[in-house]
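Here is the structure we will look at, set down as structure tokens.
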Ligand code: S3P
């Protein structure tokens with residue numbers, strides 16, 4: 088059985104995923120890292136060289152590959168993965184997979200993302216924290232439609248990775 092973690096950028100999917108995999112003695116996979124290894128480029132460079140549509144195509148392709156090849160794993164998706172190209176359906180139709188939405192508040196996401204926005208091509212251009220908060224508010228509203236279809240949801244505010252993965 089595989090566990091797929093979904094949630095907005097900065098919700099802690101990678102940190103929690105690693106911890107959860109260790110606790111459950113399962114392999115850990117991060118879809119963004121997998122894409123970077125396969126494409127031999129950072130996510131930012133893929134966006135820069137080929138644009139978002141190319142990235143989304145590759146993301147969907149590699150998601151299928153990861154789900155097919157790694158059947159007993161904890162897999163962290165990218166923040167946008169469940170919102171594009173029928174990816175959520177691919178996850179949900181896979182009988183060996185359970186999905187968990189890591190839900191983090193707007194304030195907490197904004198605080199975390201402002202510090203590390205340079206790594207993320209969708210928000211790298213944003214210069215002020217207010218502008219970032221506005222962007223995240225709208226984006227999160229749109230994406231919540233997909234995130235809320237996960238099999239389970241864990242609220243992550245005021246919890247560390249250990250508490251979240253225990254839950
Ligand atoms: C994205 C989130 C990123 C990465 C890419 C696009 C998104 O992953 O896949 O920059 O659309 O939300 P993280 O959620 O791991 O930052």
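Numbering (our numbering), first residue to last: 88 to 254. Note that the Cβ used here is the ideal one computed from N, Cα and C, for glycine as well.
Host beta strand (DSSP E) of residue i (start-end)
i, result
"residue 147", "Premise fails: residue 147 lies in the alpha helix (DSSP H), 139-156, not in any beta strand (DSSP E)."
"residue 244", "Residue 244 -> no beta strand (DSSP E), and no H or E assigned at all."
"residue 163", "160-163"
"residue 262", "The first residue shown for the chain is 88 and the last is 254, placing residue 262 beyond what the model contains."
"residue 98", "Segment: none, residue 98 is in no beta strand (DSSP E) and carries neither H nor E."
"residue 92", "89-93"
Rounded separation between residue i and residue j - CA only
i, j, result
"residue 249", "residue 109", "11 Å"
"residue 188", "residue 240", "5 Å"
"residue 166", "residue 234", "9 Å"
"residue 160", "residue 134", "27 Å"
"residue 178", "residue 186", "8 Å"
"residue 217", "residue 202", "13 Å"
"residue 244", "residue 90", "21 Å"
"residue 198", "residue 113", "31 Å"
"residue 111", "residue 180", "23 Å"
"residue 247", "residue 193", "17 Å"
"residue 226", "residue 136", "24 Å"
"residue 138", "residue 158", "30 Å"
"residue 224", "residue 230", "10 Å"
"residue 190", "residue 155", "26 Å"
"residue 140", "residue 236", "24 Å"
Same chain, Cβ closer than 7 Å to residue i, five either side skipped, listed in chain order
i, result
"residue 132", "none"
"residue 213", "204, 219, 222"
"residue 125", "149"
"residue 210", "200, 204, 219, 222"
"residue 153", "116, 118, 121, 162"
"residue 143", "171, 172"
"residue 129", "123"
Close beta carbons around residue i, own chain, < 6 Å, minus the five adjacent residues each side
i, result
"residue 207", "96"
"residue 107", "161, 252"
"residue 163", "92, 100, 101, 104, 117"
"residue 238", "185, 186"
Range covered by the alpha helix (DSSP H) that runs through residue i
i, result
"residue 197", "193-202"
"residue 231", "216-234"
"residue 175", "174-180"
Cβ-based neighbour list, residue i, same chain, cut-off 8 Å, excluding 5 preceding and 5 following
i, result
"residue 151", "177"
"residue 146", "118, 122, 165, 167, 168, 171, 172, 174"
"residue 182", "none"
"residue 196", "95, 96, 97, 98, 223, 227"
"residue 254", "241, 246"
Worksheet entry | In chain order, each alpha helix (DSSP H) run of at least 4 residues that lies wholly inside the segment 102-142 | The DSSP assignment places 118-126, 130-137 as complete runs of the alpha helix (DSSP H) inside the segment 102-142, in order along the chain (cut-off: 4 residues).
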